[in-house]
Structures are given as structure tokens and as C-alpha cells.
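Chemist:
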Amino acid sequence: METRLDDTTLTVGEAAERVGLTAYTLRWYEQEGLVSPVGRDSAGRRRYTTSDIDWLMLLTRLRRTGMPVRDMRRYAELARQGDHTLGARRQLFQAHRERVLARMAELEQDLAVLNFKIEVYGQQERAD
């Protein structure tokens, strides 16, 4: 698939920088089926559209929140199948949200311990 080369498309390096991944990771996402094949210019170089970037931003957020690659792959497959998979996609996201909320609760507890230790050490320093 050839993409018209203009100002609205980005090279693999530009796209990688925009979404905070490496060019290698972008190519890997494509190989893993997380990204539909990206358009190419007349020289065969990948060119990323705004839609591609939006999709990649979603994937990076899912990954950053700890979604396993297998779930990301499942989501990509469902999205490509169309609107009849909306319920399955919602369920996938709801399950992931529960994991994220549980992790956030753990982090809040961890933060409380850190805050306690910082306060204790501050008190000890002031007492010396």
C-alpha cells in the first residue's frame, strides 16, 4: 500500500519520537499484528498517518499501564473485525481497568510507606 508523501505523514523515526518508542519497537508492533501494515512511500519507506499515530498512542498507554501484549494483540484483532466486537473490546478494557485500579491501590500503599519514612527521617534530622 503506497501512501501519498506529504506533510501529514511521518517517517518511522519521526513516528517513534512522537509516540515515545524506538523505530525497532514500531516495526516489532507491526510484525506482532498490533499495528495494521503501515503505508509506504514510492521508495518503500514506512509513512505514518495521524490515524496510525493515534493508534500507536493508545497502544503505548495500554502497554504503560501493564496490559500484556497478548491482550493488546486481541484488542487489535477485535478492532479490525469491526463494530460487532464492541462488547468484547469493552470487556477487555474493563478487565484491564480492574488490574490498573488494583495496581494503583498497591502504589498508594507503597507511597504511604515512603511518605512515612520521609517524615520519620525528617523528624530525626531535626532532632539531631
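Just so we're aligned, residue 368 is where the sequence shown starts under this note's numbering, counting upward by one.
Don't be surprised by glycine CBs; every beta carbon is placed ideally from N, CA and C.
Computed from a predicted model, the values in this text were never measured in an experiment.
1. Going by Cα to Cα distance, which pick from Gln-398, Ala-469 and Arg-414 is closest to Ala-443?
2. Could you check the C-alpha separation between Leu-573 and Thr-427 for me, to the nearest Å?
3. On the three-state DSSP scale, how would you describe Arg-413?
4. In chain order, what residues of the same chain have a beta carbon less than 6 Å from the beta carbon of His-463, not counting five sequence neighbours either side?
5. Hey, would you say Leu-401 sits closer than 8 Å to Arg-456, going by beta carbons?
6. Answer yes or no: do Leu-423 and Ala-382 have a C-beta to C-beta separation smaller than 8 Å?
7. Rounded to whole angstroms, what is the Cα-Cα separation between Ala-410 and Leu-388?
8. Hey, does Thr-416 have any beta-carbon neighbour from chain C nearer than 8 Å?
9. DSSP has Leu-377 in a bridge; who is on the other side?
10. Take Val-467 and list the residues in its own chain whose beta-carbon comes closer than 8 Å to its own, dropping the five residues that flank it on each side.
11. Please work out which residues of its chain come closer than 6 Å, Cβ to Cβ, to Thr-416, disregarding the five sequence neighbours upstream and downstream, and give them in chain order.
12. With Leu-401 as the anchor, note down where its alpha helix (DSSP H) starts and where it stops.
13. Can you find the residues in the same chain that come closer than 6 Å, C-beta to C-beta, to Glu-473, ignoring five residues on each side of it along the sequence?
Modeler: Reading from the atomic positions:
1. Translated into the one-based positions of the sequence shown, residue 443 becomes position 76. Of the listed residues, the one whose Cα sits closest to Ala-443 is Gln-398.
2. No answer is possible for residue 573: it lies beyond the span of the chain, which begins at 368 and ends at 495.
3. By 1-based counting over the sequence shown, the position of residue 413 is 46. Three-state result, Arg-413: strand.
4. In the sequence shown, the residue the question calls residue 463 occupies position 96. Within the same chain, His-463 has close Cβ partners Met-434.
5. Indexing the sequence shown from 1 puts residue 401 at position 34. Indexing the sequence shown from 1 puts residue 456 at position 89. No, Cβ-Cβ distance for Leu-401 and Arg-456 is not below 8 Å.
6. In the sequence shown, counting from the first residue as 1, residue 423 sits at position 56. In the sequence shown, counting from the first residue as 1, residue 382 sits at position 15. In this structure, Ala-382 lies closer than 8 Å to Leu-423 by Cβ.
7. Translated into the one-based positions of the sequence shown, residue 410 becomes position 43. Translated into the one-based positions of the sequence shown, residue 388 becomes position 21. Cα-Cα distance, rounded: 24 Å.
8. Reference to chain C is not applicable here, since this structure consists of a single protein chain.
9. Locating residue 377 in the sequence shown gives position 10, where the first residue counts as 1. DSSP output for Leu-377 lists Tyr-415 as bridge partner(s).
10. As a position in the sequence shown, residue 467 is number 100, starting the count at 1. Closer than 8 Å at the Cβ level, and outside the excluded window around Val-467, lie Thr-432 and Gly-433.
11. Position 49 of the sequence shown, counted from the start, is the residue given in the question as residue 416. Here the set comprises Thr-376.
12. Walking along the sequence shown from the start, residue 401 turns up at place 34. No alpha helix (DSSP H) holds Leu-401; DSSP gives it neither H nor E.
13. Against the sequence shown, residue 473 aligns to sequence position 106. Same-chain partners within the cutoff: there are none.
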